[in-house]
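Asker: In my numbering, the protein residues as written are 1 to 116. Input: one structure, supplied below.
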């Protein structure tokens, strides 16, 4: 490899200058694209969260009346456990398990004397 000739130097300097400018421009565009991607991902996550919340609110389980749900609890426990087997002091067994599903189930189970 021979050094460039004096007449070639301006052309090579122009190539270097243009390449640096192109890299700066590309870096700027990449930065803005990354910012846009982060914003879009954040917006998508928010929309996904709203979708899950709305689906949860529309779930058919929420429309079961409390009286019927309590009756279901009672039948499940009476079919699964003999009254003598039921250890209400065991926090891992029924009816305590019902209190760990959601706030509504907890309130219903705690306020249903027939389960205890």
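Here a beta-carbon is modelled for each residue, glycine too, at the ideal position from N, C-alpha and C.
Could you tell me the distance, in whole angstroms, from the CA atom of residue 16 to the CA atom of residue 8?
Answerer: Near 13 Å, if we compare the C-alpha coordinates of residue 8 and residue 16.
Asker: I'd like to know whether the C-beta atoms of residue 91 and residue 73 end up nearer to each other than 8 Å.
Answerer: Cβ atoms of residue 91 and residue 73: not closer than 8 Å.
Asker: Quick one: which unbroken alpha helix (DSSP H) runs of 4-plus residues sit fully inside the region 1–75? Chain order, please.
Answerer: As far as the region 1–75 is concerned, its whole alpha helix (DSSP H) runs of at least 4 residues are 9–58.
Asker: Would you mind reading off the limits of the alpha helix (DSSP H) that contains residue 105?
Answerer: Looking at the DSSP string, the run of the alpha helix (DSSP H) that includes residue 105 is 103–110.
Asker: Closer than 7 Å by C-beta to residue 115: which residues in its own chain qualify, once you throw out the five before and the five after it? Chain order, please.
Answerer: Cβ within range, chain order: 73, 74, 77, 95 and 109.
Asker: Is residue 113 helix, strand or coil by DSSP?
Answerer: Helix.
Asker: Cα-Cα, which of 27, 103, 71 and 102 is closest to residue 113?
Answerer: The option with the nearest alpha carbon to residue 113 is 71.
Asker: Helix, strand or coil for residue 154, going by three-state DSSP, please let me know.
Answerer: No answer is possible for residue 154: it lies beyond the span of the chain, which begins at 1 and ends at 116.
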